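Here our numbering = 1-based position in the sequence shown + 3. Just so it is clear, CB atoms sit at the ideal spot from N, CA and C, and this is done for glycine as well. Keep in mind that this is a model prediction, so the values were computed, not measured.
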Amino acid sequence: MSLTDSLWLDAIHARARVALLPAEKSGRSEPIASGLRTHCSFGRKDQHLCQIRIEGAETAAPGTECELTLAFAAPKGLGNRLAVGTDFVLLLEQRPIGNGKITEDLRKVSFLKRLGL
């Protein structure tokens, strides 16, 4: 396991519902896949690197909606941004590819799991 992979094992997690933009609006015709590392933007200069896992599928096509688990390797500065109902924009190479809403903050679950509880 590489150092990079171990960072993601200790990541802070949240679940979200995301509406992927259609190809005409995102410029992306390829589906996104679980394991993709991208950014969540919670405001103009408030971006956080995350890795996504698509729930119930390996990929999601532009123009569709999907449930994601987001893993944030660097939780510093996340604060209350993972509160249920928080809106964000999913970015890829600084271009919007979807609009999302946090549906579950899994920080407590992640912390308890690390403690073995």
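What would DSSP say about residue i, mapped onto helix, strand or coil?
i: Arg110; result: helix
i: Val87; result: coil
i: Thr67; result: coil
i: Ile105; result: strand
i: Leu94; result: strand
i: Ala76; result: coil
Of all the options the options, which has the alpha carbon lying nearest to the alpha carbon of residue i?
i: Gln50; options: Leu109, Val21, Leu95, Thr106; result: Leu95
i: Leu73; options: Gly66, Glu27, Pro65, Val92; result: Val92
i: Ser101; options: Ile55, Ile15, Leu109; result: Residue 101 is actually Gly in this sequence, not Ser. If we check each option's Cα against that of Gly101, Ile55 comes out closest.
i: Glu1; options: Ile15, Ala14, Ala19; result: The displayed coordinates of the chain run from 4 to 120. Any statement about residue 1 would go beyond what the structure contains.
i: Glu33; options: Ala63, Lys104, Thr106; result: Ala63
i: Asp108; options: Gln97, Asp90, Leu23, Ala26; result: Asp90
i: Ala14; options: Gly30, Lys104, Ala86, Leu52; result: Leu52
What are the residues that DSSP puts in a beta bridge with residue i?
i: Ala60; result: DSSP, once it has assigned bridges, lists no residue as partnering Ala60.
i: Ile55; result: Leu73
Are three or more beta carbon pairs between the region 78–90 and the region 33–40 nearer than 8 Å?
At 8 Å Cβ cutoff, the stretches do not touch.
Ranges of the alpha helix (DSSP H) found wholly within the region 6–52, counting only runs of at least 4:
Here the runs fully enclosed are 6–12, 26–29.
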